[in-house]
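Protein chains in written order, with our numbering: chain A, 22 to 239; chain B, 22 to 239.
Protein chains: 2
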Amino acid sequence: MSVKVVVGKDILAVNRKRAEDLRARFKQMGIKVVNILSSPGAGKTSVLEATIPKLQKVRAAVIEGDVATTRDAERLSHLGIPLVQITTLGACHLDASMVWKALEEMDLSRVDLLFIENVGNLICPASFDLGENLRVVVLSVAEGTDKPAKYPAAFLSSQVVLINKTDLLPYTDFDLKRVLGEVRAMKPDMRTFTISCRTGEGIDKWVEWLEEWVREAQ
Amino acid sequence: MSVKVVVGKDILAVNRKRAEDLRARFKQMGIKVVNILSSPGAGKTSVLEATIPKLQKVRAAVIEGDVATTRDAERLSHLGIPLVQITTLGACHLDASMVWKALEEMDLSRVDLLFIENVGNLICPASFDLGENLRVVVLSVAEGTDKPAKYPAAFLSSQVVLINKTDLLPYTDFDLKRVLGEVRAMKPDMRTFTISCRTGEGIDKWVEWLEEWVREAQ
């Protein structure tokens with residue numbers, strides 16, 4: 022059986038308008054924005070920990086989104102970059118208004134690239150534009166091969182898939198070839214990177230592509 | 022910064038009423054109901070695959086919830102039990118009305134225990150009572166030690182935590198002792214089981230407890 026879903030169209034329309042305002046503001050500031058989505062524990066914060074110290078050509082800042090606790094922001098505090106934690110107190114996604122408010126607490130005058138780490142949720146954040154220029158979805162190999170097909174909105178709305186925790190590949194039945202095939206069948210121009218934040222595998226290639234993207238997008 | 026959340030109180034109140042109707046209906050039918058929550062890929066379906074064939078004293082049925090695809094129901098179809106798939110077409114959780122409708126498609130006359138596998142999401146399903154008697158949250162060791170603190174509603178509203186994929190413990194930095202300590206600090210009477218659906222470790226103990234619970238709860 023399938024269930025008809027009542028979508029909060031007003032909420033989404035209000036968010037879309039606010040996201041366009043954000044996008045215009047970021048453009049004026051010369052800042053590129055990356056919105057990072059994933060399930061809980063797929064490694065969004067680890068991706069930032071592995072990526073940011075390797076950036077040589079662009080200066081980064083981070084907005085951290087979490088339902089509760091400031092643990093992710095604490096993990097990144099040693100990086101010495103502009104960093105704000107949004108605690109949603111239960112809400113299942115970030116929206117454009119939350120990001121707008123977070124900007125009041127950040128000095129982005131010397132920043133080229135703003136990462137927004139969304140709440141750990143592979144469903145709801147997909148519906149909320151945050152004014153980003155690039156959406157990245159992180160998939161852990163421990164989550165299983167079927168995730169792109171089962172959570173299509175997150176993947177279809179992203180331009181990049183980071184397949185993380187490849188160090189666990191020998192110990193799982195994750196079928197990397199099949200996932201890559203399914204992702205490309207869903208969206209032929211999807212960029213995919215296989216990485217391990219634990220071992221560093223694949224990080225250089227992703228960082229190189231990201232820096233290039235920031236410069237090209239300007 | 023913290024963000025004030027506007028909760029859809031009307032939606033939750035309507036759901037609560039419908040859930041109480043469901044609970045009364047299940048009681049009249051002599052059926053115990055378990056609502057299973059987790060992140061995408063923590064192993065809810067694998068728990069059912071490992072658990073149901075081992076049940077000797079109770080007869081099971083399953084309602085499968087997914088955003089898209091019927092893959093989970095297909096995985097369970099060989100079990101030869103009453104089974105209905107709810108595809109939410111994008112919605113981030115099951116609600117009591119969806120379960121009520123699913124019951125129309127099931128013959129539960131020879132069933133003692135109904136499992137409801139919720140949508141893979143550690144946030145939204147926590148707010149929606151499905152008329153269950155027991156809520157179980159599955160946590161994969163690949164997700165990391167910080168999940169109970171970061172997703173408190175799912176854990177605080179559950180009575181059982183299944184820590185799954187213990188076969189991956191040697192390859193992750195998951196701190197089992199710390200997680201068990203944090204969970205018990207959050208909720209002293211929480212039942213916890215460490216299991217691996219892949220190797221079968223811990224499954225017998227969990228199944229034994231579950232069968233005992235079904236009989237005691239009657």
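For glycine and all other residues, C-beta sits at the position ideal for the given N, C-alpha and C. All values reported here derive from a predicted model rather than from experimental measurement.
>> Does any residue of chain A have a CB that is nearer than 8 Å to the CB of L135/B?
In response: Position 114 of the second sequence, counting from 1, holds the residue named residue 135/B. It does not: the Cβ of L135/B has no partner Cβ on chain A nearer than 8 Å.
> For R92/B, which residues in chain A fall below 8 Å Cβ to Cβ?
Replying inline: To locate residue 92/B, count along the second sequence from 1; it is residue 71. Simply D167, A170 and K171.
>> Rounded to the nearest angstrom, what separates G64/A and K122/B at their Cα positions?
In response: Here residue 64/A refers to the residue found at position 43 when the first sequence is read from its first residue. Here residue 122/B refers to the residue found at position 101 when the second sequence is read from its first residue. Approximately 37 Å, taken between the alpha carbons.
> Mapping DSSP to helix, strand and coil, what is V26/A?
Replying inline: Reading the first sequence from its first residue, position 5 is the one you call residue 26/A. Unreliable placement is indicated for V26/A, whose pLDDT of 48 sits below 50; the coordinate value is still reported in the next sentence. Looking at V26/A - three-state DSSP - the assignment turns out to be coil, as it is neither helix nor strand.
> Residues of chain A with CB under 8 Å from D87/B, in chain order?
Replying inline: In the second sequence, counting from the first residue as 1, residue 87/B sits at position 66. Simply K171.
>> Taking 8 Å as the threshold (C-beta atoms), are P169/B and E203/B in contact?
In response: Counting from 1 along the second sequence, the entry for residue 203/B is found at position 182. Counting from 1 along the second sequence, the entry for residue 169/B is found at position 148. Cβ atoms of E203/B and P169/B: closer than 8 Å.
> Since E164/A meets chain B, which of its residues come closer than 7 Å, beta carbon to beta carbon?
Replying inline: Here residue 164/A refers to the residue found at position 143 when the first sequence is read from its first residue. P61 and G62, listed in chain order.
> Where L197/A and W234/A are concerned, what is the direct C-alpha to C-alpha distance, given to the nearest angstrom?
Replying inline: Residue 197/A sits at position 176 when you count from the first residue of the first sequence. Residue 234/A sits at position 213 when you count from the first residue of the first sequence. Rounded to whole angstroms, L197/A to W234/A spans 25 Å at the Cα level.
> Between L143/B and chain A, is there a C-beta pair that is closer than 8 Å?
Replying inline: Numbered from its first residue, the second sequence carries residue 143/B at position 122. So yes, L143/B belongs to the interface.
> Under a three-way DSSP split, which group does K75/B fall into?
Replying inline: For the purposes of this step, residue 75/B is identified with residue 54 of the second sequence, where counting begins at 1. Residue state, collapsed to three classes: helix.
> In chain C, what lies closer than 9 Å to L189/B by C-beta?
Replying inline: This model lacks chain C altogether, as its protein chains are A and B.
>> Strictly below 7 Å CB to CB, what residues from chain A border C113/B?
In response: Locating residue 113/B in the second sequence gives position 92, counting from the first residue. Going along chain A in sequence order, the residues near C113/B (Cβ under 7 Å) are C113, I144 and C145.
> In terms of DSSP beta bridges, what is G86/B paired with?
Replying inline: Residue 86/B sits at position 65 when you count from the first residue of the second sequence. In the DSSP output, where bridge partners are listed per residue, G86/B has I107/B.
> Less than 8 Å separating the beta-carbons of S59/B and G141/B?
Replying inline: The residue labelled residue 59/B in the question sits at position 38 within the second sequence. The residue labelled residue 141/B in the question sits at position 120 within the second sequence. Cβ distance < 8 Å, so S59/B and G141/B count as in contact.
> Any idea if R246/A is buried or exposed, counting beta-carbon neighbours within 10 angstroms, 16 or more meaning buried?
Replying inline: Given that chain A is displayed from residue 22 to residue 239, the structure contains no residue 246/A and the question cannot be resolved.
>> Which same chain residues end up closer than 7 Å to M50/A when comparing Cβ atoms and leaving out the 5 residues on each side of it in sequence?
In response: Walking along the first sequence from the start, residue 50/A turns up at place 29. If we look at M50/A and ignore the five residues flanking it on each side, its Cβ neighbours are L129.
> How do the stretch 35-51 of chain A and the stretch 60-80 of chain A stand: do at least 3 beta-carbon pairs fall below 8 Å, yes or no?
Replying inline: no
> Can the beta-carbon of P43/B be found closer than 8 Å to that of A117/B?
Replying inline: Counting from one through the second sequence, the residue named residue 43/B turns up at place 22. Counting from one through the second sequence, the residue named residue 117/B turns up at place 96. Checking the sequence shown, residue 43/B turns out to be Leu, not Pro. Cβ distance < 8 Å, so L43/B and A117/B count as in contact.
> Where does K25/A land, buried or exposed, given buried means 16+ other C-beta within 10 angstroms?
Replying inline: By 1-based counting over the first sequence, the position of residue 25/A is 4. Confidence in K25/A is poor, its pLDDT being 49 and thus under 50, which makes the residue's placement too unreliable to answer from.
>> Does E131/A come out as helix, strand or coil in the three-state DSSP assignment?
In response: Translated into positions along the first sequence, residue 131/A becomes position 110. Strictly speaking, residue 131/A in this sequence is Arg, with Glu absent from that position. Residue state, collapsed to three classes: coil.
>> In chain order, what are the residue ranges of uninterrupted alpha helix (DSSP H) at least 4 long that sit wholly in the stretch 162-193 of chain B?
In response: 168-171 and 173-177
>> According to DSSP, is F47/B part of a helix, a strand, or is it coil?
In response: Residue numbering aside, residue 47/B sits at position 26 when the second sequence is read from its first letter. In the structure shown, F47/B sits in a helix (DSSP, three-state: H, G or I).
>> Residues of chain A with CB closer than 9 Å to the CB of K226/B, please, in chain order.
In response: Within the second sequence, numbered from 1, the residue matching residue 226/B stands at position 205. Correct list: empty, because the minimum Cβ distance to chain A is about 23 Å.
> Where does I57/A fall in DSSP's three states?
Replying inline: If you number the first sequence from 1, residue 57/A lands on position 36. If DSSP states are grouped into helix, strand and coil, I57/A belongs with the strands.
> In chain B, which residues lie with their C-beta within 7 Å of the C-beta of K208/A?
Replying inline: For the purposes of this step, residue 208/A is taken as the residue at position 187 of the first sequence. Per Cβ cutoff of 7 Å: no residues; K208/A is ~15 Å from chain B at best.
>> Distance check for E153/B and L143/B, CA to CA, integer angstroms please.
In response: Start at 1 with the first residue of the second sequence, and residue 143/B comes out as number 122. Start at 1 with the first residue of the second sequence, and residue 153/B comes out as number 132. Distance between the alpha carbons of L143/B and E153/B: 17 Å.
> Quick one: is G272/A buried, meaning 16 or more other Cβ sit within 10 Å of its Cβ, or exposed?
Replying inline: Outside the modelled stretch of chain A, which goes from 22 to 239, sits residue 272/A, for which no answer is possible.
> Hey, how far is the Cα of G62/A from the Cα of T193/B?
Replying inline: Numbered from its first residue, the first sequence carries residue 62/A at position 41. Numbered from its first residue, the second sequence carries residue 193/B at position 172. When rounded, the distance between both Cα atoms is 12 Å.
> In or out: G101/B buried (at least 16 other Cβ within 10 Å) or exposed?
Replying inline: The residue given as residue 101/B occupies position 80 in the second sequence. Result: exposed.
> What first and last residue would you give for the alpha helix (DSSP H) that runs through R236/A?
Replying inline: Mapped onto the first sequence, residue 236/A falls at position 215. I224 to E237 is the extent of the alpha helix (DSSP H) around R236/A.
>> List, in chain order, every chain A residue whose beta-carbon is nearer than 8 Å to that of A34/B.
In response: One-based indexing of the second sequence puts residue 34/B at position 13. What A34/B touches in chain A: nothing, since even the nearest Cβ is about 16 Å away.
>> Considering Cα atoms alone, identify which of D150/A, V54/A and V79/A is closest to K38/A.
In response: Sequence index remark: in the first sequence, residue 38/A carries index 17 (1-based). Of D150/A, V54/A and V79/A, the residue nearest in Cα terms is D150/A.
> Does any CB atom of chain B fall closer than 8 Å to the CB of A40/A?
Replying inline: Position 19 of the first sequence holds residue 40/A. Taking Cβ atoms only, chain B never reaches closer than 8 Å to A40/A, which makes this a no.
> Just checking my contact of K53/B with V228/B at CB under 8 Å: how many whole Å lie between their CB atoms?
Replying inline: As a working mapping, residue 53/B is identified with position 32 in the second sequence. As a working mapping, residue 228/B is identified with position 207 in the second sequence. In fact, because the Cβ distance is near 14 Å, the residues do not count as touching under 8 Å.
>> Contact defined as beta carbons within less than 8 Å: I believe G221/B pairs with T215/B. What is the distance between those atoms, to the nearest angstrom?
In response: As a first step, residue 221/B is located in the second sequence; it is residue number 200 there, counting from the start. As a first step, residue 215/B is located in the second sequence; it is residue number 194 there, counting from the start. That belief does not hold up - the Cβ atoms of G221/B and T215/B are roughly 12 Å apart, past 8 Å.
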